[in-house]
Amino acid sequence: MHKADDTKFSRLLVTGGAGFIGSEFVRSSLSGSLFGGKPSKITVVDALTYAGDMRRLSTVSRNDGLVFVKADIKEELVMTSLIAEHDAIIHFAAESHVDRSIERSKDFIQSNIVGTHTILEIAKNLSKVVVLVSTDEVYGSLDSGSADETFPLKPASPYSASKAAGDLLGMAYATTYGLDVRITRSANNYGRYQDCEKLLPKLVTNLSKNVKIPIYGDGSNIRNWIHIQDHCEAIARVLHLGSAGEIYNIGSEESYRNIDLAKLLLDYFRLSEDMIEYVTDRKGHDFRYAINSDKATKLLNWKPKRKLLDSISEILAGIQFLS
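Position one of the sequence shown corresponds to residue 2 (our numbering), numbered consecutively onward.
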């Protein structure tokens, strides 16, 4: 029976807390629905770039336990003051769109490497716990099988390379300085309030408006999918049950070729395959991501509960709310 120490991490600093995944973690934490219960305080720090939107926090904006600070995670003085006041940092803040990374890689280096280094350095000096929220893309493309946490890193895009660098910095700080760093690597997320630049909300948005959907190449690329709430539950368990210097893959049993995902959505909206528009493939487009989450299941007693096709109405409602 896994039980959390509710007092150990009662004050949380959440970077990127106005983003897609970070805001879900904040909302769910403040509702007390995540493992470990409701923290006494959550401070969100977010620069509110294109990816951050305060409307994602509208349902908890009047919660006495929530504080919001608009700041860049690279601002050392601000971050030092904030980190000193909290028990742990849940680090979501990142540039995350692969296409943007191909066109503007410098932004990704600054946010995902320099920003992560800033947090690690301050946390080291103040002896704080850091949970780095990363991605399965750091493992690169797999022809077969699945990557466990010991699998070599082979990132292909500037985005995944910047996230891999952040992970390696985190592990180096754990090894060199004894900093309590824990890393999660998740599959593709879906759920409420995701930016329409990402694949699934883009497909759902277009089909809801009877607009053709773009599919890269021949659509054979394979991705694993996890609901944002299942992901956040795993992060909470890593915080309360995880161990220093450990990595935890967070995936599901739902993997689809992009073209098959498109066809499932076409069936959902009762539209024909004529709605598919094949477009020029992305540069360096990884063929297949696949991760093994047995470690999280065994050590954290975690399993995903939600299914993608059961979440379409939720995704659409979130898109409409932000539009």
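Using N, Cα and C, we set each Cβ at its ideal position, and we do this for glycine too.
Quiz item: Distance, Cα to Cα, Leu31 vs Phe10?
Solution: 13 Å
Quiz prompt | Own chain partners of Leu170 with C-beta closer than 8 Å, once the 5 adjacent residues on each side are dropped | solution = Ile114, Thr117, His118 and Leu121
Quiz prompt | Beta carbon of Gly179 nearer than 9 Å to that of Ala85 | solution = no
Practice problem: State buried or exposed for Met2, treating a residue as buried only when at least 16 other CB atoms are found within 10 Å of its CB. | Solution: In this prediction, Met2 scores a pLDDT of 47, lower than 50, which makes its location untrustworthy; no coordinate-derived value is stated.
Quiz item: When DSSP labels each residue in this structure, what does Pro215 get in the three-state scheme?
Solution: strand
Quiz item: Across which residues does DSSP place Tyr249 in a beta bridge pair?
Solution: Thr185
Quiz item: Are there 16 or more other CB atoms within 10 angstroms of the CB of Thr44, so buried, or fewer, so exposed?
Solution: buried
Self-check item: Nearest-angstrom beta carbon gap, Val131 and Ala165 [assumed within contact, 8 Å]
Solution: About 17 Å; that fails the 8 Å criterion.
Quiz prompt | Proximal residues to Ser127 (C-beta, below 8 Å), its chain only, five neighbours per side dropped | solution = The question names Ser, but residue 127 in the sequence shown is Leu. Thr81, Ile84 and Ala85, listed in sequence order.
Self-check item: Top-ranked residue by Cα proximity to Asp268, from Ile184, Asn302 and Leu208
Solution: Cα-wise, what sits closest to Asp268 is Leu208.
Quiz item: Would you report the Cα separation of Leu14 and Gly220, rounded to the nearest angstrom?
Solution: 39 Å
Quiz item: Quick one: is Gly53 buried, meaning 16 or more other Cβ sit within 10 Å of its Cβ, or exposed?
Solution: buried
Practice problem: Round the Cβ separation of Ile91 and Ile236 to the nearest angstrom and send it over; I've been treating them as touching at under 8 Å. | Solution: The Cβ separation is near 7 Å, so the contact holds.
Self-check item: Nonlocal neighbours in the same chain, by C-beta distance under 8 Å from Leu58, ignoring five residues either side
Solution: Gly18, Ala19, Ser24, Val27, Arg28, Val45, Leu67 and Phe69
Practice problem: Evaluate Ala291 with the Cβ neighbour count: other Cβ atoms within 10 Å of its Cβ, from every protein chain shown; 16 or more gives buried, anything less gives exposed. | Solution: buried
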